[in-house]
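Worksheet for the structure shown next.
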Amino acid sequence: MLVTETPKGLYCPAGNFYIDPWQGVDRALVTHGHADHARWGSKRILTSESGRELVRARVGADPIIDTMAWGETRSIHGVRVSFHPAGHILGSAQIRLEVKGEVTVVSGDYNTRPDPTCEAFEPVRCHGFITESTFGLPIYRWPDSQQVFSEINDWWRSCQEAGKTAVIYAYALGKAQRILGGVNAAIGPILAHGAVYNFLQPYRDQGIALPLVEKATVEHAKATKGRALLVAPPSAQGTPWLKKFQPVSHAFASGWMTVRGGRRRRAMDRGFVLSDHADWPGLLMAIEATGAQEVGVTHGNGAPLARWLKDHGKQARVLQTQFLGEGAEETEPGGDD
Amino acid sequence: MHAFTSLFTQLDRTTKTLEKIRFLVRYFEQSAPEDAAWTVFFLTGKKIPRVVNTRLLREAVAEVADVPLWLVEECYDVVGDLAETVALLHPETTAHSSLPLHRMIQEELKPLRGLEDEEKKARLKVGWSTLSREERFVWNKLITGGFRVGVSRGIVARALAQTAGVEPAVMAHRLMGDWDPSERWWKQLLQGEGEAEPGKPYPFYLASPLEEGPEPLGAISGWQLEWKWDGIRAQVIKRQGTVMIWSRGEDVITDRFPEVVEALQALPDGTVLDGELLGWKQDRPLPFLDLQRRIGRKKVGKTLLADVPVILMAYDVLEAGGGELRSLPLEERRTHLENVVTGVGSPNIIMSEPVQAAGWDEAASLREQSRARGVEGLMLKRLGSPYLDGRKRGDWWKWKVDPFEVDAVLTYAQKGHGRRAGLFTDYTFGCWKDGELVTFAKAYSGLTDAEIQQVDRFVKANTLDRFGPVRQVKPELVFQLACEGIQKSSRHKSGIAVRFPRIARWRKDKKPEDADRLEDLLRWIP
Chain B
1 MLVTETPKGL YCPAGNFYID PWQGVDRALV THGHADHARW GSKRILTSES GRELVRARVG
61 ADPIIDTMAW GETRSIHGVR VSFHPAGHIL GSAQIRLEVK GEVTVVSGDY NTRPDPTCEA
121 FEPVRCHGFI TESTFGLPIY RWPDSQQVFS EINDWWRSCQ EAGKTAVIYA YALGKAQRIL
181 GGVNAAIGPI LAHGAVYNFL QPYRDQGIAL PLVEKATVEH AKATKGRALL VAPPSAQGTP
241 WLKKFQPVSH AFASGWMTVR GGRRRRAMDR GFVLSDHADW PGLLMAIEAT GAQEVGVTHG
301 NGAPLARWLK DHGKQARVLQ TQFLGEGAEE TEPGGDD
Chain V
338 MHAFTSLFTQ LDRTTKTLEK IRFLVRYFEQ SAPEDAAWTV FFLTGKKIPR VVNTRLLREA
398 VAEVADVPLW LVEECYDVVG DLAETVALLH PETTAHSSLP LHRMIQEELK PLRGLEDEEK
458 KARLKVGWST LSREERFVWN KLITGGFRVG VSRGIVARAL AQTAGVEPAV MAHRLMGDWD
518 PSERWWKQLL QGEGEAEPGK PYPFYLASPL EEGPEPLGAI SGWQLEWKWD GIRAQVIKRQ
578 GTVMIWSRGE DVITDRFPEV VEALQALPDG TVLDGELLGW KQDRPLPFLD LQRRIGRKKV
638 GKTLLADVPV ILMAYDVLEA GGGELRSLPL EERRTHLENV VTGVGSPNII MSEPVQAAGW
698 DEAASLREQS RARGVEGLML KRLGSPYLDG RKRGDWWKWK VDPFEVDAVL TYAQKGHGRR
758 AGLFTDYTFG CWKDGELVTF AKAYSGLTDA EIQQVDRFVK ANTLDRFGPV RQVKPELVFQ
818 LACEGIQKSS RHKSGIAVRF PRIARWRKDK KPEDADRLED LLRWIP
């Protein structure tokens with residue numbers, strides 16, 4: 001493998017750079033703009049072109065951000081570097097590293113299912129693959145997203161019949177935009193919490209089709225009472241702000257909604273299984289497609305996936321990283337899922 | 338099966354009681370009598386005798402899903418419910434079952450009994466393949482038992498009362514005791530026949546905890562005080578020559594207390610008493626932990642009978658001379674009770690005597706003697722009140738002594754189940770002995786959801802070792818535990834056993850070295 005674990009994060013000694021470091025470093029390659037991957041404090045950052053503005057929103061004005069187009073290659077101290085779509089959120093990349101014919105790919109977070117709000121996952125052949133494993137158990141198998149969106153649309157309509165605002169909680173970056181892009185906007189007005197709203201422009205700038213969305217202010221709350229779909233980060237649940245939209249029905253869109261306990265714990269009226277991570281079949285398929293013999297597994301509870309891969313003839317081990325993912329509650333708004 | 342699964346899904350999706358009742362009523366009105374009967378059976382917590390053990394379920398799903406058993410176990414650890422784990426692991430199907438619930442039970446589930454393991458597995462696989470994911474989950478639940486859909490007995494009783502057009506209390510009584518779900522039973526339930534079955538108990542009236550002292554209850558002269566006995570709540574019935582003892586969980590526990598049964602034979606027919614089974618020696622109660630040795634033993638040996646003799650501490654009478662007395666005022670029922678207990682004249686049936694106090698101050702100081710007397714505190718019962726059912730606040734209050742409080746260190750954690758699945762919520766605590774932490778208590782409750790999440794994060798970040806599902810954690814967090822009693826115990830490594838430990842608060846202000854020592858705890862043992 002061309003990367004090793006260090007206290008600051010995944011490090012490529014040959015190129016003297018880090019990938020998604022969790023402390024400030026001189027040179028960081030960043031897979032995507034979620035807070036646990038694009039952290040504050042590094043001096044120079046290299047990321048994908050379409051992900052640039054999202055990373056900028058996390059790291060502030062100071063760092064220099066260079067970008068690369070998909071498939072473009074660049075040499076950093078003799079390491080051939082290229083970025084390839086990961087299908088997770090807008091601009092999310094797998095980073096390919098090559099030194100003297102040896103190829104390592106760091107996946108960041110990825111999703112193998114179609115998502116119209118970001119570039120489609122691209123399998124990249126390599127010798128060593130570093131994979132996420134947020135949903136690394138065979139209980140996680142995503143339903144067809146068209147089916148899920150039709151359930152969301154039905155729920156929204158039933159909320160209107162009951163005179164309630166349909167509040168759907170989703171992480172502010174990525175999941176929220178995917179929902180906005182997937183629902184049937186003809187049903188009624190759509191409102192977005194500020195944290196969600198602020199990320200809409202970067203998506204539109206990249207040509208992603210999103211419906212008309214109003215910022216969820218007091219005036220809009222009054223004007224759309226009992227008809228609107230409101231997309232808000234999970235942290236908005238139970239806040240005084242949300243009271244302005246009452247009466248409401250609460251729903252949560254996440255891969256964690258697969259398990260009944262996860263739905264009940266959050267006291268949600270509805271849970272929709274919609275994830276921007278690979279499910280179990282997606283992980284296995286993606287790993288297989290790389291042809292990699294050596295696999296590093298990140299994200300907390302990667303042990304079952306690593307064991308499975310070992311049983312199937314791969315060299316696999318769990319890497320100690322600070323990417324989130326084991327427990328639902330650890331993935332805070334703007335976070336990982 | 339489809340209709341029952343839809344009901345389950347509806348109930349599972351709402352937290353609002355009235356909505357749940359509405360769903361239930363609509364279901365009861367629309368379903369066939371046998372299906373309605375089976376639905377009541379499962380929703381009131383009854384189970385069919387187990388037809389398949391959980392090992393077979395695990396093996397069968399491992400084979401169908403083509404995953405090894407260890408991976409099934411990993412999944413179960415996250416899901417926290419085997420029925421759901423199986424439903425999720427099974428490959429997706431496009432099937433739906435149109436078989437009615439009662440036929441599913443009679444024709445598919447019950448016949449599994451007694452088959453060879455391989456045949457059982459084969460039938461499980463066929464069964465699963467004909468169901469949708471939700472149906473599969475519910476079907477597995479029928480096998481494994483334990484429907485928790487946030488529907489209490491009380492809610493089911495209210496929905497049934499509405500369906501039948503009777504008072505909820507009447508329906509609660511009709512639902513008591515042993516019954517077999519059938520068309521006939523369902524009709525009796527709605528029409529109110531069959532209340533006179535000889536073994537049928539009345540619903541228990543449950544006391545509410547008194548949180549802020551008795552003064553708001555008004556003058557003490559309006560109240561009857563009794564000791565709060567620390568035993569097993571029981572309703573004893575003598576009808577048609579037969580004695581039955583029912584526990585509060587509606588189990589028949591007659592066989593376990595032969596000395597009490599013998600004494601109860603002297604009751605006149607048509608008598609029902611409410612009271613407490615207590616270990617009793619030399620005119621005082623034995624600790625609950627001693628009585629615990631008698632629970633769970635169907636055959637009681639001579640030594641145990643001599644070690645832990647049991648009595649009935651009778652405190653109410655619900656039926657005498659064949660007539661129901663529940664609506665009589667407390668004082669009148671007490672007169673009846675005195676007559677009944679005196680009539681029996683056995684040392685194994687004792688009347689819970691009222692405690693005399695001139696005012697609440699005196700009552701409070703009497704309450705302070707509770708520990709020394711081996712009781713849990715005082716009961717306050719409103720004079721003039723009828724015998725109600727369920728947990729209706731107002732007439733019976735339990736004024737328990739303040740619990741013992743111990744500062745303890747979190748040492749091990751395990752993931753919870755149900756609503757707490759996937760979170761570390763089951764904790765083991767230690768106190769200091771010779772510079773080491775010795776385990777003395779486990780506790781599952783007492784933290785807020787936000788605190789549980791913080792502890793969960795701590796456990797994940799501070800795991801020292803793993804023993805199956807159990808994580809040993811860095812001894813760092815200190816919690817104040819409350820418990821009802823501390824006793825010597827040779828069964829525990831620490832040498833003590835604590836009763837009903839729960840977390841009172843998280844002592845973020847304390848360091849592990851500030852936690853209590855074992856010798857501090859030993860000092861409290863009477």
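Top to bottom, those sequences are chains B and V. Following this note's numbering, the numbering of the first sequence begins with 1 at its first residue and continues without gaps. Following this note's numbering, the numbering of the second sequence begins with 338 at its first residue and continues without gaps. Every residue gets a Cβ at the ideal spot worked out from N, C-alpha and C, and that includes glycine.
C-beta atoms of residue i and residue j nearer than 7 angstroms
i: Leu736(V); j: Glu788(V); result: The amino acid at residue 736(V) is misidentified as Leu; the sequence shows Trp. Cβ atoms of Trp736(V) and Glu788(V): not closer than 7 angstroms.
i: Thr134(B); j: His277(B); result: yes
i: Ala292(B); j: Cys126(B); result: yes
i: Thr117(B); j: Ile208(B); result: yes
i: Leu446(V); j: Val488(V); result: no
i: Thr258(B); j: Tyr140(B); result: yes
i: Ile590(V); j: Leu649(V); result: no
i: Leu229(B); j: Ala253(B); result: no
i: Gly417(V); j: Gly261(B); result: yes
i: Ala600(V); j: Ser689(V); result: no
i: Val654(V); j: Val681(V); result: no
i: Gly783(V); j: Leu774(V); result: no
i: Leu38(B); j: Val55(B); result: The sequence shown places Ala at residue 38(B), rather than the Leu named in the question. Yes.
i: His220(B); j: Leu191(B); result: yes
Through-space distance from residue j to residue i, alpha-carbon basis
i: Asp349(V); j: Leu355(V); result: 13 angstroms
i: Gly516(V); j: Ala556(V); result: The sequence given here places Trp at residue 516(V); Gly does not occur at that position. Each residue's alpha carbon lies about 44 angstroms from the other.
i: Glu53(B); j: Thr800(V); result: 38 angstroms
i: Leu180(B); j: Leu210(B); result: 6 angstroms
i: Gly78(B); j: Glu98(B); result: 9 angstroms
i: Ser826(V); j: Gly772(V); result: 21 angstroms
i: Arg708(V); j: Ala176(B); result: 58 angstroms
i: Thr431(V); j: Asp144(B); result: 13 angstroms
i: Glu850(V); j: Leu623(V); result: 35 angstroms
i: Ile749(V); j: Ala819(V); result: Checking the sequence shown, residue 749(V) turns out to be Tyr, not Ile. Approximately 18 angstroms between the Cα atoms of the pair.
i: Arg521(V); j: His439(V); result: 13 angstroms
i: Glu72(B); j: Ala216(B); result: 40 angstroms
i: Phe83(B); j: His299(B); result: 21 angstroms
i: Leu319(B); j: Thr6(B); result: 10 angstroms
i: Ala544(V); j: Lys729(V); result: 8 angstroms
i: Pro666(V); j: Pro723(V); result: 5 angstroms
i: Gly658(V); j: Leu604(V); result: 10 angstroms
i: Pro233(B); j: Tyr171(B); result: 5 angstroms
i: Thr672(V); j: Gly607(V); result: 17 angstroms
i: Val580(V); j: Ala571(V); result: 13 angstroms
i: Gly174(B); j: Gln94(B); result: 16 angstroms
Start-to-end residues for the alpha helix (DSSP H) that takes in residue i
i: Arg304(B); result: The displayed chain sequence assigns Pro, not Arg, to residue 304(B). Start and end: 303–311.
i: Ile789(V); result: 786–798
i: Trp197(B); result: The question names Trp, yet the displayed sequence has Tyr at residue 197(B). First-last of the alpha helix (DSSP H) with Tyr197(B): 194–197.
Buried/exposed call for residue i, threshold 16 Cβ in 10 Å
i: Ser107(B); result: buried
i: Asp857(V); result: exposed
i: Gly483(V); result: exposed
i: Gly327(B); result: Low per-residue confidence applies at Gly327(B): pLDDT is 32, beneath 50, and the placement is therefore not dependable, though the value from the model is reported in the following sentence. Label assigned to Gly327(B): buried.
i: Thr4(B); result: exposed
i: Pro386(V); result: exposed
Start-to-end residues for the beta strand (DSSP E) that takes in residue i
i: Phe541(V); result: Taken as a continuous stretch (DSSP letters only), Phe541(V) belongs to no beta strand (DSSP E), as it is neither H nor E.
i: Gln817(V); result: 815–820
i: Cys12(B); result: 9–12
i: Gln572(V); result: 569–576
i: Cys768(V); result: 761–770
i: Thr422(V); result: Unbroken run through Thr422(V) is the alpha helix (DSSP H), 419–426; no beta strand (DSSP E).
i: His84(B); result: 79–85
Cβ-based contacts, 7 angstroms cut-off: residues of the stretch 124–140 of chain B near chain V: Across the stretch 124–140 of chain B, CB contacts with chain V closer than 7 angstroms involve Leu137, Pro138, Ile139, in sequence order along the chain.
Members of the stretch 452–473 of chain V that neighbour chain B once the beta carbon cut-off is set at 7 angstroms: none
Cβ-based contacts, 8 angstroms cut-off: residues of the stretch 773–806 of chain V near chain B: Asp786, Gln790, Asp793, Arg794, Lys797
Residues, ordered as in the chain, of the stretch 421–436 of chain V that lie near chain B by beta-carbon distance below 8 angstroms: Glu421, Thr422, Leu425, Leu426, Glu429
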